[in-house]
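Residue numbers (the UniProt record's numbering): 1 to 168.
Glycine included, C-beta positions come from ideal geometry on N, C-alpha and C.
Reading through the structure tokens given below for one structure.
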Amino acid sequence: MGVGLQPLEFSDCAADSPYFRVNLHAHEKELDKTNQQIKRLIKEVKDLMSAAKHLSRAQRTLSSSLQDFSFESIGTTQTDDELVITKSLGEFGRLIATIEDERDRMLDRAYDQIILPLENFRKDHIGGVKEGKKKFEKQTAKFCQSQERYLNLSTKRQDTVLKEVRTH
1 MGVGLQPLEF
11 SDCAADSPYF
21 RVNLHAHEKE
31 LDKTNQQIKR
41 LIKEVKDLMS
51 AAKHLSRAQR
61 TLSSSLQDFS
71 FESIGTTQTD
81 DELVITKSLG
91 EFGRLIATIE
101 DERDRMLDRA
111 YDQIILPLEN
121 FRKDHIGGVK
131 EGKKKFEKQT
141 AKFCQSQERY
151 LNLSTKRQDT
161 VLKEVRTH
């Protein structure tokens with residue numbers, strides 16, 4: 001087990017030290033990694049659910065075939081062995097159908113209990129952090145542009161004032 005991420009302290013944020021920036025970058029990198037892992041996990045669960053549904057359809061087809069199985073009788077009646085085999089295969093087919101009913105219920109709940117919570121967590125928490133970062137960067141860019149404009153205006157004004165002072 002690794003050391004893990006160092007906690008982000010608000011006091012470090014105010015100082016904006018290189019240590020804080022490296023630590024913040026590590027946290028952002030970990031969020032991106034976690035986001036990708038959750039996306040991959042969601043995809044794998046969806047793929048598994050799709051494969052399970054395909055398997056369920058195949059099992060139901062087998063179940064139906066087993067339940068419908070019957071020997072073509074030679075003569076007027078089936079032998080005792082033929083009756084036992086037909087009954088056993090029919091019962092086995094019903095058992096498979098019952099298992100598939102439970103599998104369907106499990107798959108129906110899997111989406112609500114696995115995929116939706118993962119997607120919601122990824123969108124709400126990780127996406128919220130990313131959205132907050134985008135807003136912060138946009139506001140920072142606006143602030144820097146405003147400062148640059150102010151500094152440019154101040155410099156031009158000072159030059160004009162200096163020229164006026166020199167001419168007098």
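For leucine 151 and alanine 141, the gap between their C-alpha atoms comes out near 15 angstroms.
Take the alpha-carbon of alanine 14 and the one of histidine 25: they are about 16 angstroms apart. Within the same chain, Asn23, Ala26, His27 and Glu30 come within 8 angstroms of leucine 5 by CB-CB distance, once the 5 residues on both sides are set aside. Here leucine 48 is exposed. Its C-beta has fewer than 16 other C-beta atoms within 10 Å. For leucine 118, the enclosing alpha helix (DSSP H) covers residues 116–121. Bounds of the alpha helix (DSSP H) holding glutamine 59 are 18–68. Per DSSP, the continuous alpha helix (DSSP H) segment holding threonine 86 begins and ends at 80–110. Listed in chain order, the non-local C-beta contacts of lysine 39 below 8 angstroms within the same chain comprise Arg122, local neighbours out to five positions each way being set aside. Judged by beta-carbon spacing, glutamine 78 lies within the 8 angstroms limit of phenylalanine 71, meaning their Cβ atoms are closer than that value. In chain order, Met49, Ala52 and Lys53 place their CB closer than 7 angstroms to the CB of leucine 107, counting only its own chain and leaving out the 5 sequence neighbours on each side. Contact between glycine 90 and leucine 118 does not hold, since the beta-carbon distance rounds to 41 angstroms and is not under 8 angstroms. Distance between leucine 116 and lysine 134, taken at the CA atoms: about 25 angstroms.
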